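Accompanying notes for the structure given below.
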Amino acid sequence: MFVAWRDLRFAKGRFALMGSVVVLITLLVGLLSGLTAGLARENTSAVTGLDADHLAFAAPPDGQAESFADSTVREDDWRAWAARPGVAAAQPVGIRTLNAT
C-alpha cells in the first residue's frame with residue numbers, strides 16, 4: 017500500500033490524466049446513449065403520432081411480415097374498408113424511408 021501512495025504522490029499528472037480520460041469516456045458514453053434514444057424516438061414518431069386506432073396493410077408475400085415500405089393498398093380496398101360498419105373514416109397513409117447521402 018505504501019508503494020501505491022508513493023506513486024500517487026510523485027506521479028500526480030499521470031493519475032490526473034488517467035482520471036480525466038475515464039471521465040471523458042463516461043461523458044461520451046452518456047452523450048451517445050442520449051443521442052441514440054432521441055434518434056430512436058424520432059424514427060418512430062411519425063407512426064406513433066398518427067391519429068389512428070388501427071392500421072391496415074396489404075397482404076404480404078408468403079413468409080414475410082407486414083411492412084410500411086412494402087405494403088400497397090389499392091383505392092378500392094380502402095374505400096371498402098371505409099364503408100364497413102363501425103368505421104368512422106379510412107384514409108390512405110404514405111410512409112417512405114429516406115436515405116440522406
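Following the working numbering, the numbering of the sequence shown begins with 17 at its first residue and continues without gaps. Quick reminder that beta carbons are idealized off the backbone N, C-alpha and C, glycines included. Owing to the predicted nature of the structure, the values given are computational and were not obtained by experimental measurement.
Does N59 come out as helix, strand or coil in the three-state DSSP assignment? As a working note, residue 59 is residue 43 in the sequence shown. Residue state, collapsed to three classes: helix.
Is W97 near A106, with beta carbons less than 8 Å apart? Locating residue 97 in the sequence shown gives position 81, where the first residue counts as 1. Locating residue 106 in the sequence shown gives position 90, where the first residue counts as 1. Cβ distance < 8 Å, so W97 and A106 count as in contact.
3-residue-minimum beta strand (DSSP E) runs that sit fully inside the region 42-96, ordered along the chain: none
Other residues of its chain near A62: CB distance less than 7 Å, five sequence neighbours each side excluded: Mapped onto the sequence shown, residue 62 falls at position 46. The answer, listed in chain order, is I111.
Same chain only: Cβ atoms within 8 Å of P76, ignoring 5 sequence neighbours per side: On the sequence shown, position 60 is the one that residue 76 refers to. Here the set comprises E82, S83, D86, S87.
Own chain, CB closer than 6 Å to W94, minus 5 neighbours either side, in chain order: Here residue 94 refers to the residue found at position 78 when the sequence shown is read from its first residue. Closer than 6 Å at the Cβ level, and outside the excluded window around W94, lie A106, P108.
Skipping 5 residues on each side, what residues in its chain have a beta carbon closer than 8 Å to that of V89? As a first step, residue 89 must be located in the sequence shown, where it is residue number 73. Excluding the 5 residues flanking it on each side, V89 has same chain C-beta neighbours closer than 8 Å at A72, F73, A74, P108, in chain order.
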